Amino acid sequence: MQKQVLSLYRGFLRAARSKSPEDRHQVETIVSTEFRQNSKQVDRKNFIYIEYLLRRGKKQLEQLKSPDTVRLSSLNVSLSQTKNSEK
Amino acid sequence: MAATTGSSISMRSRLATSRISGVKLASLSSQGRSSLSFQLRPLPSRLQISCAAKPETVDKVCKIVKKQLALPEDSVVAGDSKFAELGADSLDTVEIVMGLEEEFGISVEEDSAQTIATVQDAADLIEKLIENNGA
C-alpha cells in the first residue's frame, strides 16, 4: 500500500512538470503539503480510509493531467473542499 | 585489475586477505575457498556496478540530495550515505529521485526507484540509465 501511495505521489510530481514553472511550483507545494499532512495524521492501519484517499488522489491526478488544468485554482478548490469534509 | 591482485594475495596467506579485505571482504575470507572464486569472477554483479559510478556523478547526486533535504552545506553526504539516515522519509526519497531524473535527463522506472536506498545506489542507477540512453 505504501508503494501505491508513493507511486501516486510520483504521479503528481510528474504531472506537475507539464505545467508552467509558476503553476508547477504551486502544485508541488500543495501536493507535498497534502501528502505530508496525511502521512502524519492518518493512522497507517486505517486501510479503508487510505484506500479512499488513494482513489480520490487518482481522480485528482487524472484531472491535473489534463492540459486544460493549467491553473492551480482548480486543484486548490478541490483540496480545500476535501479538507473541509475531513473536519 | 583489482581482481587479479586480490586473488594472488589471497593465495599467499589468509592473513593478507583479511587485511586487504578490510574494505568489505572480511566475511568472505572466513568462507575460505569461496573468496577465491569471488575474486576471480568477472564481477557482473553489484560490486562492479558500484565501482562504475564516476565520482562526478556521486558528487552531483550528493549535491541534489543536500538541496532536496535542505541539509546544511557542511553536512557530510557520501556515497554510502543512506537517505533514511540523512533524515529523508519515503516521500523525500521520491522527491530526490524526481530531482535526479530532471537533473540527468533520465526516467527512472517505478520498480528501480523503490530500490534506491543510498547515494551510491542512485549514482549507479543513473550511470546505467545514461549508458543505455547513449547506446
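Line by line, the protein sequences give chains A and B. For the first sequence, the working numbering begins at 197 and goes up steadily by one. For the second sequence, the working numbering begins at 1064 and goes up steadily by one. Heads up, the beta-carbon is just placed ideally off N, CA and C, and yes, glycines get one too. From a predicted model like this one, the values you see are computed outputs, not experimental measurements.
In the three-state reduction of the DSSP assignment, B:Lys1145 falls in the strand class, which pools E and B. Looking at the backbone, the Cα of B:Glu1166 and that of B:Leu1132 are separated by about 16 Å.
When Cβ-Cβ separations below 9 Å define contact, B:Ala1176 makes contact with chain A. Around the C-beta of A:Phe243, fewer than 16 other C-beta atoms lie within 10 Å, and the residue is accordingly described as exposed. Using a 10 angstroms sphere on the CB of B:Ala1151, the tally of other CB atoms reaches 16 or more, which defines it as buried. Where B:Ser1153 is concerned, the enclosing alpha helix (DSSP H) starts and stops at 1153 to 1167.
Shortest Cα-Cα distance from A:Lys199 to any of B:Leu1134, B:Glu1173, B:Lys1130, B:Ile1159 involves B:Glu1173. The residue from B:Ser1175, B:Leu1149, B:Glu1148 with its alpha-carbon nearest to that of B:Val1160 is B:Ser1175. The Cβ neighbour count for A:Ala212, taken over all protein chains shown within 10 Å, is at least 16; the residue is labelled buried.
With its beta carbon at least 9 Å from every one in chain B, A:Arg240 lies outside the interface.
Under the 9 Å criterion on CB atoms, A:Ser235 is classed as interfacial with respect to chain B.
In chain order, Ser203, Arg206 make up the part of chain A whose C-beta sits under 8 Å from the C-beta of B:Glu1173. Nearest to B:Leu1192 by C-alpha distance, out of B:Lys1145, B:Pro1118, B:Ile1169, B:Gln1183, is B:Ile1169.
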